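Residue numbers (our numbering): 5 to 402. Yeah, the Cβ is synthetic: ideal placement off N, Cα and C, and Gly gets one too. Since the model is a prediction, treat every value here as computed from it, not as a measurement.
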Ligand SMILES: [Zn+2]
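What follows is the structure, encoded as C-alpha cells:
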C-alpha cells in the first residue's frame, strides 16, 4: 500500500504528523486493483447566514455556510458539542461545490467544534469551537388549535417541558373534521437527527378528540434528552394526505425532554462548604449534598424508579432510596418531615411527590440530604458520587 501518498493541493503540510495516521483510512481500493485517494475535506471558515441569532451567532435551525477544500464529497456535518459523544448531533448535507457547503444546525446541537464527513473514516479535522445558542423554545399549544393551512385538522400538546419516566410525560391530541381518515400515524420525531423514535396508529372517530401519550421512555430505557415533536399524517378517504407540520418545523407540537427534575419544589439553596459532598463529619465524610428549604417544602422523585428502602435512622431521619428505572443508579432522600407514603417495591414516577423537606434525625436546620450512587447501588457494592453538578443542572431547567 502506498501509504506515503499525499493528496494534491498541498493540504498535507497543515496536518503534520497526524497525516500519517489519517492517510491510510482515506485510501480505497478501486475496481482495477489500484488505489484511489478520497480527498480529505478541510474547513477553513464557518459563518451563520440564515435564521441566525443576534450578532450572527448560530442557533438550532440556523443555516451555516462552511468554506474550505474538498467539500464536494461531504455527506454529513457533525456538531461535536462538548467532550464525549452523548451530545453529538449531525446534519446531512447535499454535495455542492468543493469549496463551499450549506448546513442547517440541528435543533439539538450545542456549542462545540464541527467536522465534515465524507464517510465513516474520511472526515475533516474538528474546527475551533462554534458557539451555538439554544434553539427558541417550543410554542405552547395546550389547547387544540387549527394547523396552519390545514383547517380540518386541529392539534395540541399538553406541555413544552417533559421528564423521562414521568407517568404521562406528554400528551398529544388531535381532532379532524369531515370524513373519517382511512389511516392515521402519529410519529414522535427526535429533532437532533430527525428520526421517528415512536409511532402510534390511533383509530380516530370523526370530529372527536383523540390522544396519545408518552412517558419519555423507549422500551425500558429513558429516551435521550432534547427536543422532540409530534407529527401527524392522515390519509383521507379521497386519497389526499394531511400533515400536522413540516418535518423541519420544530416548535409546533414540540417539547423539550429532560432526564431529571429538581427534587425540592420551592425556594432553596445549596448551603456553604459544610453542605458539600466529601466534607468531614464525625467518623465519616459527607456522602451527599444538602439542599436547604423550609420544612414542609414538597419533595418529588428526581427520577422515577422502584423504592428500595424506606426507613428511620437516628442520623438520616426518615429516608427513602429509589432505584432509578432503566439505570442502576440509586437516589437517596434523607431528613424527610414524615415517612414517605411509598414502601419498598412501589413504583414512583419522575416528578411524583414522595414527601416533604424536614429535619428528622440528626439535622441542623430543615434540608434535604441528597445522595446519588452508582451501580450496583446503595450499600450494595456501589459508590456515592458528588451530586451537586447534577443538582445544579436539574435546578436550571426545572
Ligand atoms: Zn447532609
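Using beta-carbon positions only, say whether residue i and residue j come within less than 9 angstroms of one another.
i, j, result
"residue 144", "residue 132", "no"
"residue 71", "residue 51", "yes"
"residue 130", "residue 119", "yes"
"residue 361", "residue 300", "yes"
"residue 234", "residue 197", "no"
"residue 107", "residue 67", "yes"
"residue 307", "residue 333", "yes"
"residue 159", "residue 217", "no"
"residue 53", "residue 83", "no"
"residue 150", "residue 255", "no"
"residue 304", "residue 222", "no"
"residue 275", "residue 339", "no"
"residue 4", "residue 398", "The question about residue 4 has no answer, for the chain in this structure spans 5 to 402."
"residue 214", "residue 188", "yes"
"residue 231", "residue 111", "yes"
"residue 237", "residue 191", "yes"
"residue 331", "residue 226", "yes"
"residue 365", "residue 400", "no"
"residue 102", "residue 75", "yes"
"residue 46", "residue 171", "no"
"residue 288", "residue 278", "no"
"residue 354", "residue 270", "no"
"residue 78", "residue 99", "yes"
DSSP has residue i in a bridge; who is on the other side?
i, result
"residue 52", "68"
"residue 371", "296, 362"
"residue 377", "334, 388"
"residue 317", "321"
"residue 230", "261"
"residue 356", "Partner(s): none; residue 356 has no beta bridge."
"residue 285", "288"
"residue 242", "Paired residues: none, contrary to the question."
"residue 116", "134"
"residue 309", "328, 352"
"residue 94", "82"
"residue 221", "226"
"residue 189", "237"
"residue 204", "190"
"residue 302", "360"
"residue 103", "Per DSSP, none; premise fails for residue 103."
"residue 248", "According to DSSP, which records beta bridges pairwise, residue 248 is partnered with nothing at all."
Could you tell me whether any Cβ in chain D is nearer than 9 angstroms to the Cβ of residue i?
i, result
"residue 313", "Here there is only one protein chain, and chain D is not present."
Answer yes or no: the CB of residue i versus the heavy atoms of ligand 3, is any distance below 8 angstroms?
i, result
"residue 288", "As presented, the structure is devoid of ligand 3, carrying ligand 1 as its sole ligands."
Practice task
Determine contact between the segment 199-209 and the segment 150-159, defined as no fewer than three beta-carbon pairs at a distance below 8 angstroms.
Solution key: Contact between the segment 199-209 and the segment 150-159 is absent, because fewer than three Cβ pairs lie under 8 angstroms.
Problem - Chain-ordered list of residues that sit, by beta carbon, closer than 5 angstroms to a heavy atom of ligand 1 - result: 294, 373
Handout entry: Touch test, the segment 235-242 against the segment 178-196, Cβ-Cβ under 8 angstroms, three pairs minimum
Key = Contact between the segment 235-242 and the segment 178-196 is present, because at least three Cβ pairs lie under 8 angstroms.
Practice task
Pair every Cβ in the segment 164-174 with every Cβ in the segment 259-273, then say whether three or more of these pairs are closer than 8 angstroms.
Solution key: yes
Problem - Contact the segment 344-354 vs the segment 306-317: 3+ CB pairs below 8 angstroms - result: Counting Cβ pairs under 8 angstroms, three or more are found: they touch.
Exercise for the section: Please determine if the segment 372-392 and the segment 321-334 are in contact, where contact requires at least 3 C-beta pairs separated by less than 8 angstroms. Expected result: Segments in contact, yes.
Handout entry: Contact between the segment 389-400 and the segment 367-379 (3+ Cβ pairs under 8 angstroms)
Key = Cβ pair count under 8 angstroms is three or more, so yes.
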